[in-house]
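**Student:**
Protein chains: 2
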Amino acid sequence: MLSEERYSMIINFLEDKKAVTVGELAEWLGTSESTVRRDLNALHDMGRLNKVHGGATAVEEKIKATEEDVQSKSLKNVEEKKLLARYAATLVNDDDVVYVDAGTTTLMFVDALSPNTRALFVTNGIVHAKKLIQKGLKAYIIGGQIKLSTEAVIGAEAINSLRKYNFTKCFMGTNGISVESGLTTPDLEEALVKKEACSHSYITYVLADHTKFKAVSAITFASLGRCCVITDKLTDNKFRDYTVIKEVEQ
Amino acid sequence: MLSEERYSMIINFLEDKKAVTVGELAEWLGTSESTVRRDLNALHDMGRLNKVHGGATAVEEKIKATEEDVQSKSLKNVEEKKLLARYAATLVNDDDVVYVDAGTTTLMFVDALSPNTRALFVTNGIVHAKKLIQKGLKAYIIGGQIKLSTEAVIGAEAINSLRKYNFTKCFMGTNGISVESGLTTPDLEEALVKKEACSHSYITYVLADHTKFKAVSAITFASLGRCCVITDKLTDNKFRDYTVIKEVEQ
DNA sequence: GAAAGAAAATGGTTGACAATGACAGAAAAT
DNA sequence: ATTTTCTGTCATTGTCAACCATTTTCTTTC
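Heads up: the protein sequence lines correspond to chains E and C, in order.
Plus 282 on top of the position in the first sequence (first one is 1) and you've got the numbering used here.
Plus 282 on top of the position in the second sequence (first one is 1) and you've got the numbering used here.
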């Protein structure tokens, strides 16, 4: 295993559990405690986790949002995300008008789309727009300011652009899902765009792997009741009381 | 097997799995580790993957996308176009609101822009938008349908998006310049967007190398009198009777 | 078109370097 | 004081760039 992969797995583990011991990681990664310690030191130096006596804890979401660690973000939970993406892609019908939210999970959704669908796609992700047209699909991009880190279109003009559309389905990514706070994301501007998109869609699908559950970021963009969550593994059945959950098998 | 074949197989593999070891690739490709290492070095130099100890990881989508654009756009009259682009870039002031038309010449204009300018940029080119923000400039993209071949935003929604803006300067590409037909381009939809952009701009600059003169395409998007032409070599002085021409030296 | 030579690609080897796991003594927690 | 955890060290293993020999491909020459 590459050290980069271990880094991703550790960060990933921490996002889920918030704290972890050296022993746990050594066993889970199938490696020695020495290596785990070295990894934790490296990640600590990068500011990607807090090293504490006995193990490590996750860094605060707000700090992480500004750090914007693309490396580990795209590496982690790849298989799970692809699973969700493949299932979500089957939900698109020929007569749909689909909104695709910017983000790494929804990018895999675009990859998984059939090139033969005649559905109309609207997105606020530059990369997403590019991939859609390269697949030969009919794609629109909304206008507005572009955010550097995520290459998403945001701002007042973006929200204004969205008002014209009526989507049959929209596919959203999220940073956190919780019963109390609903769907949350760290960036205010992006949250506002997400909110507007959801409100113009007949059905909202949220693609969220299991690590997103019980996480809470700064801004809520939708309540649980208003959307259908697609996930790989539901750890707590109480979520079923508040929303429709599709657990994708295998 | 051709090395190019291996390259694309490696890139595909990485796009799927996000991380891979040298050993894995050697076995999968049925070749030696030496060759895999050489391939990884080559791909790393091209910026198409990240080489790490033990193997390689996928590069972020946004970086890769621009690389593709750069390598695909190897066209003619590059030096001349760069010359025009460099001059045009000096025309941008800090308080300008600039429209940048989609196209290869204007893309070089974006490359030539100073990263320090505080001007506001609006564009209908996806690649242009991307480059602008990667330079750290403030950039907006207009909304609308995306045309596959040129990756430009076009259509009714694009024109509608443009209505909101008032530009101090706009920089356009063109396919033909003639006294009788003015500025012409082969695609109707693109012409309509160009026309709308020009009509919302105080000054219109047209970037056109000498090959564009006396050429006429299907649709006229502006008359000669309404714009200032920047070119490398003016072969016929009669154009000076109809418009302002800037001939860039050297 | 064939032969000869040049250039490029490939696979294997080697010494240098990096990563790993185990251990011992120091430091910290209880 | 005892246990746990950390840091530094060291031997082992894994990986890498550079080099060389061989094969393949391209060019040149006749």
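Just so it is clear, CB atoms sit at the ideal spot from N, CA and C, and this is done for glycine as well.
Small disclaimer: the values here were computed from a predicted structure and weren't measured.
How would you call residue 414 of chain C, buried or exposed, if buried means at least 16 neighbouring beta carbons within 10 angstroms?
**Tutor:** Taking the first residue of the second sequence as 1, we reach residue 414 of chain C at position 132. Answer is buried; the Cβ neighbour count reaches 16.
**Student:** Does the contact criterion of 3 or more C-beta pairs under 8 angstroms hold for the stretch 314-330 of chain C versus the stretch 300-307 of chain E?
**Tutor:** no
**Student:** The stretch 412-426 of chain E: which residues have C-beta closer than 9 angstroms to a C-beta of chain C, in chain order?
**Tutor:** Residues passing the 9 angstroms Cβ filter: 412, 413, 414, 415, 416, 418, 420, 421, 422, 423, 424, 425, 426.
**Student:** Would residue 474 of chain C pass as an interface residue toward chain E - the criterion being a Cβ-Cβ separation below 9 angstroms?
**Tutor:** Within the second sequence, the letter at position 192 stands for residue 474 of chain C. Not closer than 9 angstroms to any Cβ of chain E, the Cβ of residue 474 of chain C fails to qualify, so no.
**Student:** Using 9 angstroms as the limit for Cβ to Cβ distance, is residue 433 of chain E near chain C?
**Tutor:** As a position in the first sequence, residue 433 of chain E is number 151, starting the count at 1. Yes, its Cβ sits closer than 9 angstroms to a Cβ of chain C.
**Student:** What three-state label does DSSP hand residue 431 of chain C in the structure shown?
**Tutor:** Along the second sequence, read from residue 1 onward, the residue named residue 431 of chain C stands at position 149. Residue 431 of chain C: coil per DSSP, three-state reduction.
**Student:** Hey, out of E/465, E/418, E/492, whose CA is closest to residue 361 of chain E's CA?
**Tutor:** For the purposes of this step, residue 361 of chain E is taken as residue 79 along the first sequence, with counting starting at 1. Closest by alpha carbon: E/492.
**Student:** How many angstroms separate the CA atom of residue 401 of chain E from the CA atom of residue 404 of chain C?
**Tutor:** Residue mapping note: residue 401 of chain E aligns to position 119 of the first sequence, counting from 1. Residue mapping note: residue 404 of chain C aligns to position 122 of the second sequence, counting from 1. Those two C-alpha atoms are separated by around 29 angstroms.
**Student:** Do we get a CB-CB distance below 9 angstroms when we pair residue 428 of chain E with the residues of chain C?
**Tutor:** On the first sequence, residue 428 of chain E is found 146 positions in, with the first residue counted as 1. Closer than 9 angstroms: yes.
**Student:** Between the stretch 302-328 of chain E and chain C, which residues of the former have CB atoms less than 7 angstroms from a CB of the latter, in chain order?
**Tutor:** Hits within the stretch: zero.
**Student:** Between the C-alpha atoms of residue 419 of chain C and residue 309 of chain C, what's the straight-line distance to the nearest angstrom?
**Tutor:** Translated into positions along the second sequence, residue 419 of chain C becomes position 137. Translated into positions along the second sequence, residue 309 of chain C becomes position 27. If you take the alpha carbons of residue 419 of chain C and residue 309 of chain C, they lie about 45 angstroms apart.
**Student:** For residue 318 of chain C versus residue 330 of chain C, is the C-beta spacing smaller than 9 angstroms?
**Tutor:** If you number the second sequence from 1, residue 318 of chain C lands on position 36. If you number the second sequence from 1, residue 330 of chain C lands on position 48. No, the Cβ-Cβ distance between residue 318 of chain C and residue 330 of chain C is not below 9 angstroms.
**Student:** Flag this pair as touching only if the stretch 470-485 of chain C and the stretch 515-525 of chain C have three or more C-beta atom pairs under 8 angstroms; answer yes or no.
**Tutor:** The stretch 470-485 of chain C vs the stretch 515-525 of chain C: no contact.
**Student:** So which residues on chain C does residue 441 of chain E lean against when the C-beta distance must stay under 9 angstroms?
**Tutor:** Here residue 441 of chain E corresponds to residue number 159 of the first sequence, with the count starting at 1. Around residue 441 of chain E, no beta-carbon contact reaches into chain C at under 9 angstroms, the shortest distance being about 11 angstroms.
**Student:** Determine contact between the stretch 461-472 of chain E and the stretch 455-463 of chain C, defined as no fewer than three beta-carbon pairs at a distance below 8 angstroms.
**Tutor:** no
**Student:** Give the range of the alpha helix (DSSP H) segment to which residue 388 of chain C is assigned.
**Tutor:** As a working note, residue 388 of chain C is residue 106 in the second sequence. Residues 386-394.
**Student:** Just curious, the alpha helix (DSSP H) that residue 460 of chain C is in, first and last residue?
**Tutor:** Walking along the second sequence from the start, residue 460 of chain C turns up at place 178. Per DSSP, residue 460 of chain C belongs to no alpha helix (DSSP H); it is in the beta strand (DSSP E), 458-460.
**Student:** Please report the residue range of the alpha helix (DSSP H) in which residue 544 of chain E lies.
**Tutor:** Because chain E here runs from 283 to 532, residue 544 of chain E falls outside it and cannot be looked at.
**Student:** Which chain E residues are close to residue 410 of chain C, counting only those with a beta carbon under 9 angstroms from its beta carbon?
**Tutor:** Your numbering for residue 410 of chain C matches position 128 in the second sequence. In chain order: nothing, as chain E lies at least about 11 angstroms away.
**Student:** Do residue 450 of chain C and residue 384 of chain C have their C-beta atoms within less than 9 angstroms of each other?
**Tutor:** Along the second sequence, read from residue 1 onward, the residue named residue 450 of chain C stands at position 168. Along the second sequence, read from residue 1 onward, the residue named residue 384 of chain C stands at position 102. No. Outside cutoff.
**Student:** Indicate whether at least one CB of chain C lies closer than 9 angstroms to the CB of residue 284 of chain E.
**Tutor:** Taking the first sequence and counting its residues from 1, the one referred to as residue 284 of chain E is at position 2. Yes, residue 284 of chain E counts as interfacial toward chain C.
**Student:** Tell me the rounded alpha-carbon separation between residue 369 of chain C and residue 445 of chain E.
**Tutor:** Within the second sequence, numbered from 1, the residue matching residue 369 of chain C stands at position 87. Within the first sequence, numbered from 1, the residue matching residue 445 of chain E stands at position 163. Looking at the two C-alpha atoms, the distance is approximately 40 angstroms.
**Student:** Give the residues of chain C in contact with residue 360 of chain E, contact being defined as C-beta atoms less than 9 angstroms apart.
**Tutor:** As a working note, residue 360 of chain E is residue 78 in the first sequence. Result: 298, 299, 300, 301.
**Student:** Out of C/437, C/475, C/487, which one is the CA nearest neighbour of residue 507 of chain C?
**Tutor:** As a position in the second sequence, residue 507 of chain C is number 225, starting the count at 1. Taking only the C-alpha atoms, the option nearest residue 507 of chain C is C/487.
**Student:** Output needed for residue 332 of chain C: all residues of its chain with C-beta closer than 8 angstroms, excluding positions within five of it in sequence on either side, in chain order.
**Tutor:** To locate residue 332 of chain C, count along the second sequence from 1; it is residue 50. Result list for residue 332 of chain C: 326, 338, 339, 340, 341, in chain order.
**Student:** Give, in chain order, every residue of the stretch 477-494 of chain E whose Cβ lies closer than 8 angstroms to some Cβ of chain C.
**Tutor:** Cβ contacts with chain C: none found.
**Student:** At a CB distance below 9 angstroms, what residues from the stretch 496-520 of chain C approach chain E? Give them in sequence order.
**Tutor:** none
**Student:** Got a sec, what are the start and stop residues for the alpha helix (DSSP H) residue 484 of chain C sits in?
**Tutor:** Here residue 484 of chain C refers to the residue found at position 202 of the second sequence. Looking at the DSSP string, residue 484 of chain C is not in any alpha helix (DSSP H); the run it does join, the beta strand (DSSP E), is 483-489.
**Student:** Assign residue 362 of chain C to one of three DSSP states: helix, strand, or coil.
**Tutor:** Here the question's residue 362 of chain C lines up with position 80 in the second sequence. Of the three classes helix, strand and coil, the one that applies to residue 362 of chain C here is helix, per DSSP.
**Student:** Could you tell me if residue 315 of chain C is buried or exposed, where buried requires 16 or more neighbouring beta carbons within 10 angstroms of its beta carbon?
**Tutor:** Here the question's residue 315 of chain C lines up with position 33 in the second sequence. Exposed, by the Cβ-count rule.
**Student:** Checking the sheet assignment: what are the DSSP bridge partners for residue 498 of chain E?
**Tutor:** Here residue 498 of chain E refers to the residue found at position 216 when the first sequence is read from its first residue. Beta-bridge pairing links residue 498 of chain E to no other residue.
**Student:** Should residue 439 of chain E go down as buried or exposed, given a rule of 16 or more other Cβ atoms within 10 Å for buried?
**Tutor:** Translated into positions along the first sequence, residue 439 of chain E becomes position 157. So residue 439 of chain E ends up on the buried side.
**Student:** Where DSSP assigns a beta bridge to residue 338 of chain E, which residues make up the other side?
**Tutor:** What you label residue 338 of chain E is simply residue 56 of the first sequence in a count that begins at 1. Residue pairing of residue 338 of chain E in beta bridges, as defined by DSSP: E/302, E/333.
**Student:** Just checking: is the beta-carbon of residue 471 of chain E within a distance shorter than 9 angstroms of some beta-carbon in chain C?
**Tutor:** As a working note, residue 471 of chain E is residue 189 in the first sequence. For residue 471 of chain E, the answer is no, since every Cβ of chain C falls outside 9 angstroms of its Cβ.
**Student:** Going straight from the alpha carbon of residue 479 of chain C to that of residue 407 of chain E, what length do you get?
**Tutor:** Position 197 of the second sequence, counted from the first residue, corresponds to residue 479 of chain C. Position 125 of the first sequence, counted from the first residue, corresponds to residue 407 of chain E. The alpha-carbon atoms of residue 479 of chain C and residue 407 of chain E are separated by roughly 23 angstroms.
**Student:** What residues in its chain sit with their C-beta under 8 angstroms from that of residue 497 of chain C, if we drop five residues either side in the sequence?
**Tutor:** The residue you call residue 497 of chain C lines up with position 215 of the second sequence. Closer than 8 angstroms at the Cβ level, and outside the excluded window around residue 497 of chain C, lie 457, 458, 459, 460, 466.
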